[in-house]
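So the structure is just underneath, and the comments pick up after that.
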Amino acid sequence: MPDLYDLLVVGGGPAGYVGAIRGAQLGKKVACIEMERAGGICLNWGCIPSKSLLRNAELYQLIQHRAADFGFKFSDLSYDWSKIISRSRKVADQLASGIEFLFKKNKVEYVLGEGTITAPDTVSVKLNDGKAKTFQGRKVLVATGVRPRPLPGLAFNGNTVITSREAMVVKKQPASIVIIGAGAIGVEFAYFFNAFGTKVTLVEMMPHLLPVEDQEVSEVLLRAFTRQGIRVRTNTKVEGGEATPQGIKVHLGGPKSEVVEADLALVAIGVSALLPPGLSLELEGGFVKVNDNYETSIQGIYAAGDIIGPPWLAHVAFYEAIQAVEGMFTDHQPKRVTVFPGCTYCQPQVASIGMTEKAAKEAGLKFKVGRFPFKASGKALAVGESEGFVKMIISEPYGEILGAHIIGAEATELIAELGLAMTLEATYEEIESTIHAHPTLSEAVHEATAAAFGQAIHI
Amino acid sequence: MAQIIMPKLSDTMTEGVVVRWLKKAGDVVNMGDVLAEIETDKATMEMEAFDEGVLKEVYVQEGQKIAVGEPIALIRGEEEESASPETVEKIHDVPKRRIAQEKARIPQPKLAEVQHARDTADVEEGYSRVHQKRAGTAGPGAAGDTAGGRVKASPLARKVASKMNLDLSRIEGSGPGGRIIQEDVLAAAGQKAVVSTPSVVALPVGSAAEAELIPLTPMRRVIAQRMVESKSQIPHFYLQVELDAGPMLQLRSQANKSLTISGEGKLSINDFVLKACVEALGRVPQVNSSFSENGILRYKRVHLGFAVSLEEGLITPIIRNAENKSLRQISAEAKELSERARGKKLKPNEYQGGTFTVSNLGGFDIDNFQAIINPPQAAILAVGSVIKKPVVGNQDQIVVGHRLGFTLCCDHRVLDGATGARFLQELRKLIENPTLMLI
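Dropping the structure here:
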């Protein structure tokens, strides 16, 4: 008779490890089954290691192009590519061991292997050491995540057509790269490679960079990228590609069709569900369908994180897992995700929450827009980061914050204030009557809010 | 010094209008003096002083609408008037001032009388525990307490609630830590939770330019809120009957002849219907009750409500303890209450706390209709007009009948079809044999 668990979590990424730990905190007996390493894509192959790479890019770009502005002189500036990559790996490794420590601390049984859901309460695991073990649980949480979606006509080969995972450990810096897809991943890698001098062509099918962001933000980012030397092709479809002795040829369609040759092609056009083997769960739009309690079509089996569909964001996965697990074991009524921030860590950074101006218009809402450029911010000028702006979408008549869009330095940190504001249903008056420290970049949030009602002081 | 605040005079009141100041700044005020007339959503009432001193300041103009709890005037005690500024500001005065503030409100009828029959401890023995709990949590005292305490609500929810004139203390929060969020306020207002759109008025596009927006009066708002609450929460079912009103009409005309001679008020058809209901409620007491999560409250007393239409809405005055009253008493009380209702002069305990309601549209030539239950009551009787029509007589012959249509609208959580039907059978016996009402 196999051991009986309260909760079996399949997948150890952001949804899986958080769900497992919360279950254990609630006093439940929990096992987390992970194929590779705790932390998932986010920690091992996504959010975290890429932030390490981007920090390198940001520093290098600052020193290389703007050191003179700050009064620094260099005669021989160089970098060690392998060191850049290995720093990123070290950070990922450190954090993954952190999760393993948290599992121990919370008494979550960490099982390395591939889980198959054989019954609503049973997961059979092919352990990585070759053995097999069957687990029985009262509840099962599926958090197996997603994998990059291949582009038809340009299949991944791990060599010249790669995913973000391979891009972040590429051994030799490519001389040129074509990046297909200008969502957060594509944009971040475009910034990273370009900062170190790789010739970058960034291709997007939609009319704008970061298509989910507010159009004004996309336009400012396009200008910044163009100035940095990135070649951007929007409204452009990739029609196919072929290998060359040096790398790859990519055929770009549309009115200005062309063939771009590069060492590498990075495909970042989206993701598809990585379903666990075993019982088949009902899908919706290719992802696992769940009800308001995060329960799948099979009673007792729940799902959270990327596997249940967009937005594919780690912080959304954390939230969903906690909601799902608390719903299983307490009288908490789980909530679905409604408002969440989205962040892109190129320079200038992009962060947003809530509705874009276009979305608010399409919803037929009555609203005001307030903008404040960083070039009018004392702190931004002092630190030499005057690019970008804060844009607030504020509804009438109550002054509800419908959305906030920031492009510029530290945008991803600044968005937190607005997340809290929206969760608490603060209105423009609460933001306006909150004293923001001077001088800080956060004053721009305050001023943009006031600007919606013509009350900004510094503009 | 005592600040006078806008008092909460009914459990649905969120704001009041100062109709008239009877004292002006500088006037000496004695305890019990009438300071002002306040119009609530239901009635106009006199506000008495609970402090002595000089009316120092009046913050509010006549006709101005003020939210419950907002200051409207300031009374300075006489000793304070003569005392030096230092002594006025003595710290030990603070609690006294606070007490004075508490007291400065309308001499409210005792809590128990204000709200509901269940608060008068008239509930049957077996339900007394339930009753106490309810009275503690849902009585007007409790509502007042919450209004004075801190209500956790988001800034957006507060704005929306104040715009819609909703009392936040009556709304349950679903946000973090039970906080009231916009969605809760919209749900309470019976609206769909849309992101704060400019209030969606479903006017046809073409006629929008020709429409006129009539602002909601406090009464209209309360009616809207209560009716949505009733129709959306109470599973209504309807039982319809047609009665022979002939004997009742005969008795009435006889009685009225003698009453005219003795110079007393005449009896109306509605008076007979009211009396019949009181008797029938005694025979089928299940109908005289309320649903609550803790159990069904069955009332021992009959506090009979009857709808009176006003220009801006309607109100249901209550004939209290009607089970002890004769037809004449009921008739006299109904007449008197209707008159004062039309003048908006009813006190809260004269329109709150009914256990059963009669709504009569007979005067408007309505044959029969369905009404919406007045929560928390379990039923309402809709009464049509007496109509002459051919009916089949005792010997299967066609005769001219005087027919009266009744519809009993019941809360299915409390009553089942058979119970409602038994009540109507009793009503039929009484209406068709009206002398029974006189015994």
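Protein sequence lines, in the order shown, are assigned to chains A and B. Residue numbers for the first sequence follow this note's numbering, beginning at 1 and rising by one. Residue numbers for the second sequence follow this note's numbering, beginning at 460 and rising by one. Idealized CB from N, CA, C, for every residue including glycine.
query	result
Residues of chain A with CB closer than 7 Å to the CB of V619/B, please, in chain order.	Y398
When DSSP labels each residue in this structure, what does F367/A get in the three-state scheme?	strand
Among all the DSSP beta bridges, which residues are the ones paired with G354/A?	G403/A
Cβ atoms of L402/A and L365/A: under 9 Å apart, would you say?	yes
For chain A, find out if any of its Cβ atoms is closer than 9 Å to the Cβ of T473/B; answer yes or no.	no
Is it the case that the segment 679 to 690 of chain B contacts the segment 871 to 882 of chain B, given that we only count it when at least three CB pairs across the two stretches are under 8 Å?	no
Around the Cβ of E284/A, are there at least 16 other Cβ atoms within 10 angstroms (buried) or fewer (exposed)?	exposed
T434/A versus chain B: which residues are under 8 Å apart at the beta carbon?	Under the 8 Å cutoff, chain B gives no residues; its nearest Cβ is about 12 Å from T434/A.
Please list the terminal residues of the continuous beta strand (DSSP E) segment that includes H861/B.	I857 to D870
Taking 9 Å as the cut-off, decide whether the C-beta atoms of P677/B and E474/B are in contact.	yes
In chain B, what lies closer than 8 Å to A426/A by C-beta?	S613, P614 and L615
Quick check on this structure: which residue in I777/B, G864/B and G852/B has the alpha carbon closest to the alpha carbon of L805/B?	I777/B
Just to confirm, is the Cβ distance from G19/A to G39/A under 9 Å?	no
Using a beta-carbon distance below 9 Å, is I640/B in contact with chain A?	yes
For V487/B, I'd like the list of residues in its chain whose CB is within less than 7 Å of its CB, leaving aside the five on either flank, ordered along the chain.	V513
Do the CB positions of A190/A and I230/A come within less than 9 Å of each other?	yes
Thinking R371/A and A262/A are a contact (beta carbons under 8 Å), I'd like their distance in whole angstroms, please.	Between A262/A and R371/A the Cβ distance is about 37 Å, and since that is not below 8 Å, they are no contact.
With a CB to CB cut of under 6 Å and the five nearest residues on each side skipped, what residues in its chain are close to I525/A?	Since the displayed chain A opens at 1 and closes at 459, residue 525/A lies outside it and no answer follows.
Could you check what DSSP says for Y428/A in three-state terms: helix, strand or coil?	helix
Which residues in chain B have a C-beta closer than 7 Å to the C-beta of E430/A? List them in chain order.	P614
Distance, Cα to Cα, I890/B vs A793/B?	19 Å
Within the 9 Å Cβ cut-off, does G637/B reach chain A?	no
So, is the C-beta of T449/A closer than 9 Å to a C-beta in chain B?	no
Start and end of the alpha helix (DSSP H) containing L895/B?	L895/B -> no alpha helix (DSSP H), and no H or E assigned at all.
According to DSSP, is D306/A helix, strand or coil?	helix
Cβ of T423/A less than 9 Å from any chain B Cβ?	yes
Since N819/B is in the beta strand (DSSP E), which residue starts that stretch and which ends it?	F815 to N819
What does a CB cutoff of less than 7 Å around K107/A pick up in its chain, not counting 5 residues either side in sequence?	A24
Closer than 8 Å is the cut-off here; do at least three beta carbon pairs connect the segment 169 to 183 of chain A with the segment 30 to 37 of chain A?	no
Whole alpha helix (DSSP H) runs in the segment 15 to 54 of chain A with 4 or more residues, listed along the chain?	none
Y398/A to A360/A, Cα distance in whole Å?	15 Å
Mark H65/A as exposed unless 16 or more other C-beta atoms lie within 10 angstroms of its C-beta, in which case mark it buried.	exposed
Which of the three DSSP states, helix, strand or coil, is assigned to C343/A?	strand
Three Cβ pairs or more, each shorter than 8 Å: is that satisfied between the segment 241 to 251 of chain A and the segment 148 to 160 of chain A?	yes
Taking W480/B as the reference, which of V519/B, L468/B, E511/B and A502/B has the closest Cα?	V519/B
May I have the straight-line CA-CA distance separating K126/A from L112/A, to the nearest angstrom?	9 Å
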